[in-house]
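The numbering of the sequence shown is my numbering, which starts it at 1 and goes up by one.
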Amino acid sequence: MTPQALFLDFDGLICDTEDAARRSWSLLYASYGLAFPHAVWRRMQGRSDGEQVALADLGRRLGRPVDPGTRARRLRKKTELCRAAPLRPGVARLLEQAQLRGVPALVVSSSPRDWVEPHLVRLGVRRFFADLVTGDLVERHKPAPDLYLRALRQTGLPAEEVCAFEDSPTGVRAARAAGVACVAVPSAAGDAAALTEAVQVLPSLADFSFDRFPLPGSPLPDPMKGRPPR
């Protein structure tokens with residue numbers, strides 16, 4: 001069965017802004033002589049309130065709240081790194097194939113439109129997306145299903161005819177809660193072992209096959225198994 005629409009997350013999936021964010025936090029922690037804990041990053045991944053999680057952890061370690069100037073410095077560094085982040089492997093190929101097949105693609109992201117759209121324009125892929133369903137349109141972000149439910153309403157399609165793509169456990173849970181089959185592609189800062197709720201885990205979007213569309217509850221063989229670590 002061929003999916004009738006594709007729902008793609010943005011941060012970490014289309015563009016690896018997640019790795020840029022992780023690096024900006026690592027640099028901030030290092031400026032205080034601290035290592036950025038992997039456990040904190042895992043709690044943050046894919047969440048719109050991830051910054052608050054890290055700020056609270058850093059404040060506890062420092063014994064005082066993080067001042068606004070430090071927060072602003074970290075955000076500037078993240079923005080700088082994100083502006084240099086390229087399109088992730090396989091994204092252009094997937095979008096071109098979808099367009100040739102007449103399958104619409106939508107961005108479904110907890111980030112606001114004014115963050116997502118300029119990056120899509122910068123990366124040269126905005127024209128491939130029929131719509132952007134972003135965090136400024138709903139009250140609850142991922143892992144709540146609200147963004148996916150809104151995207152389903154906008155396409156008028158049942159959940160079982162759509163395939164979602166995510167890079168984080170938070171995003172996978174959101175798609176699953178909306179009844180949408182989700183294929184996971186971990187970012188450079190992600191962990192494939194944490195994506196067990198996805199119906200399929202791929203090393204790259206280039207490995208997705210329209211002819212092997214995974215239905216909810218029917219996991220496919222994991223093509224990452226047996227591959228050498230990257």
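For every residue, glycine included, the Cβ atom is placed at its ideal position computed from N, Cα and C.
| Asked | Found |
| --- | --- |
| Quick one: which unbroken beta strand (DSSP E) runs of 3-plus residues sit fully inside the region 149-208? Chain order, please. | 162-166, 181-184 |
| What does the alpha-carbon distance come out to for the pair Ser218 and Glu117? | No answer about Ser218 holds up, because its pLDDT of 44 lies below 50 and its placement is not dependable. |
| Give me the residue from Ala151, Ala30, Gly179 with the minimum Cα distance to Val260. | The structure shown does not extend to residue 260, since the chain is modelled only from 1 through 230, so no value can be given for it. |
| When you compare only the Cα positions, how much space is there between Ala159 and Ala174? | 12 Å |
| Could you pull out every residue in the same chain whose Cβ sits closer than 7 Å to the Cβ of Leu27, ignoring the five residues on either side in sequence? | Lys77 |
| What's the call for Gly171, buried or exposed, on a 16-neighbour Cβ count within 10 Å? | buried |
| If we count Cβ pairs, one from each stretch, closer than 8 Å, do we get three or more for the region 60-71 versus the region 192-206? | no |
| Among Asp211, Phe210, Asp191, which residue has its Cα nearest to the Cα of Met44? | Asp191 |
| Whole beta strand (DSSP E) runs in the region 59-143 with 3 or more residues, listed along the chain? | 105-109, 129-134 |
| Under the three-state reduction of DSSP, which class applies to Glu18: helix, strand or coil? | helix |
| Which of the three DSSP states is assigned to Ala56 in this structure? | helix |
| Just to confirm my understanding: we take Phe36, look at its own chain, exclude 5 residues before and 5 after, and list those with CB closer than 6 Å. What are they? | Trp25, Ser26, Tyr29 |
| Report the option in Val199, Cys163, Asp9, Met1 whose CA atom is closest to the CA atom of Leu132. | Asp9 |
| Can you grab the Cα-Cα spacing for the pair Ala231 / Pro145, in whole Å? | Outside the displayed span of the chain (1 to 230) sits residue 231, for which this structure offers no information. |
| Suppose you measure from the CA of Asp207 to the CA of Arg60; what does that come to, to the nearest Å? | 42 Å |
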